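Notes follow the structure.
Residue numbers (our numbering): 8 to 456.
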């Protein structure tokens, strides 16, 4: 069988790819692997607002109970809340049912260990192995040894209290617009910002099971960009379906992506001597404009592969405090063990309040360079051709020389499709657009000869 777990848990179209049976198996195997040897283990289970969440939760919980573990259901709650509450409640593991920013027909199951971290590849493989070996050696308790399901009513309140504790300023006098993507943040984000004194106006916080991420949230911030200006807000925040991401909108209606958010927060933390080794951890997909801005501020950038798990790995390895992605997946390791959209929004709002500056003024520290992304369709076995073919290697060098250090070429083979992604950054949009398309055509032509 191919690998069941992707970069963020097990994902697929609910009821065809991610079936109730698979959810049951994951609950059973996950509970066994993550709590082996624990006396009556306790596993936290949360979900986003997708209609398929109830079906998958019922199956997942049944699997957990079938090996004698306890399941604590916390209902609709953000992914980062599961990471935090698993630690707070002393649970042995946490599970989130969500497909994040994907459309409603998708769903996913991701596990957290007892410290609130996403699982290593080794643990995920161990869970898959238990399923593939037909649960060999996994106990089937009976009678009083079966697990029980509990419902934790105070989960949202506990997470909101935690979120509030991460800022040391009230937000009175600020008018903040929230786009909750009809997803998991529809209560937590609104409650937190109101409790801190902000005037809150909200869109897309009326989930009906099928409208999650639909033309809203961090993947479609256009409505929020218009709304912030119309309602005369100081700031807009757009979350994704499970609220581990947050993008911002300034008072003029401009989108402030994760790169801008990270440089604003890194600069503030450095000024207050809170940025370990003056380092920000980013991925190779962050805009070159971010590197230029960081250099001006005396902040070092450490780069990782694309994916928040790689950012987190690097942060944990060296003890760095701040890292993230252009998508708005930002990790503040002093507060939580994963990207947390609410924490990100709160940190940004508190910096605006404390600095007395507008978000557009704070964001002016960085200028985003134009970026072009072109896909080149090539056979799976030719994905390394851009490194091995002398003509392609020479062309990449020619482009880099032509950009005079004010741009770059980045080529990324797709992990799931027969293509490579050709990305160029530079100061002239028209020029890099032409270069990117020519390079993509050269790679495709050579690979398909």
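All C-beta atoms, glycine included, are put in the ideal place defined by N, C-alpha and C.
Here the structure is a predicted model, which means the values were calculated and not measured.
Give the secondary structure of residue 106 by DSSP, where H, G and I count as helix, E and B as strand, and everything else as coil.
Taken through DSSP and simplified to helix, strand or coil, residue 106 comes out as coil.
Residue range of the alpha helix (DSSP H) that residue 195 falls in?
195–202
Look up residue 307 in the DSSP assignment and say whether it is helix, strand or coil.
strand
Consult DSSP for residue 66 and reduce its assignment to one of helix, strand or coil.
helix
Beta carbon of residue 258, beta carbon of residue 236: below 9 Å?
Going by beta carbons, residue 258 and residue 236 fall inside the 9 Å limit.
Just checking my contact of residue 224 with residue 186 at CB under 8 Å: how many whole Å lie between their CB atoms?
Confirmed, Cβ separation roughly 6 Å.
Would you give the residue range spanned by the beta strand (DSSP E) that residue 451 belongs to?
Premise fails: residue 451 lies in the alpha helix (DSSP H), 436–454, not in any beta strand (DSSP E).
My output table needs one value for residue 12: the three-state DSSP class, helix, strand or coil.
coil
In the segment 147–190, which residue ranges form an unbroken alpha helix (DSSP H) of at least 4 residues, counting only runs that do not cross its ends?
162–171
Could you tell me the alpha carbon to alpha carbon distance between residue 325 and residue 452, rounded to whole angstroms?
Taking the Cα positions, residue 325 is about 43 Å away from residue 452.
Could you tell me which of 436, 353, 369, 360 sits nearest to residue 376, measuring between CA atoms?
Ranking 436, 353, 369, 360 by Cα distance to residue 376 puts 436 first.
Nearest to residue 200 by alpha carbon, out of 191, 215, 167?
Cα-wise, what sits closest to residue 200 is 167.
Does the beta-carbon distance from residue 63 to residue 21 come in below 9 Å?
yes
Take the Cβ of residue 140 as the centre, count every other Cβ of all protein chains shown within 10 Å, and call the residue buried at 16 or more, exposed below.
exposed
Which ranges would you report for the alpha helix (DSSP H) in the segment 254–340 if only whole runs of at least 4 residues count?
Fully enclosed alpha helix (DSSP H) runs of 4 or longer: 265–278, 295–303, 315–325.
Let's see if you can read the secondary structure: which residues bound the beta strand (DSSP E) around residue 420?
415–420
Candidates 263, 369, 361: which alpha carbon is nearest residue 175's?
361
On the premise that residue 214 lies in contact with residue 243, defined as a C-beta separation below 8 Å, what is that separation, rounded to the nearest angstrom?
Not really, about 19 Å apart at Cβ, beyond 8 Å.
Give the secondary structure of residue 122 by DSSP, where H, G and I count as helix, E and B as strand, and everything else as coil.
coil
Between residue 12 and the rest of its own chain, which residues show a CB-CB distance below 6 Å, the 5 nearest in sequence each way excluded?
The residues are 131.
Buried or exposed: which applies to residue 456, given that a residue is buried once 16 or more other Cβ atoms fall within 10 Å of its Cβ?
Residue burial annotation: residue 456 is exposed, with fewer than 16 other C-beta atoms found within 10 angstroms of its C-beta.
Short check: CB of residue 125 to CB of residue 345, under 9 Å?
Yes.
Nearest to residue 152 by CA position, among 73, 81, 220, is which residue?
Comparing alpha-carbon positions, the option among 73, 81, 220 lying closest to residue 152 turns out to be 73.
Would you mind reading off the limits of the alpha helix (DSSP H) that contains residue 403?
397–409
Here's the rule I'm using: 16 or more other beta-carbon atoms within 10 Å means buried, otherwise exposed. How should residue 341 be labelled?
exposed
Do the segment 291–300 and the segment 275–283 touch if we need at least three Cβ pairs shorter than 8 Å?
no
Look at the alpha carbon of residue 431 and the alpha carbon of residue 331, and state the distance between them as a whole number of angstroms.
21 Å
Suppose you measure from the CA of residue 232 to the CA of residue 161; what does that come to, to the nearest Å?
33 Å
Does residue 51 come out as helix, strand or coil in the three-state DSSP assignment?
Residue state, collapsed to three classes: strand.
Would you mind reading off the limits of the beta strand (DSSP E) that contains residue 430?
426–432
Per DSSP, residue 378 is paired with what?
432
For the alpha helix (DSSP H) containing residue 366, name the first residue and the last one.
366–370
How far does the alpha helix (DSSP H) with residue 362 in it reach, from first residue to last?
348–362
In its own chain, which residues sit with a C-beta less than 8 Å from the C-beta of residue 367, not counting the 5 before and 5 after it?
257, 258, 259, 261
To the nearest angstrom, how far is the alpha carbon of residue 107 from that of residue 334?
12 Å
Label residue 289 either buried or exposed according to how many other C-beta atoms from any shown protein chain fall within 10 Å of its C-beta, with 16 as the threshold for buried.
buried
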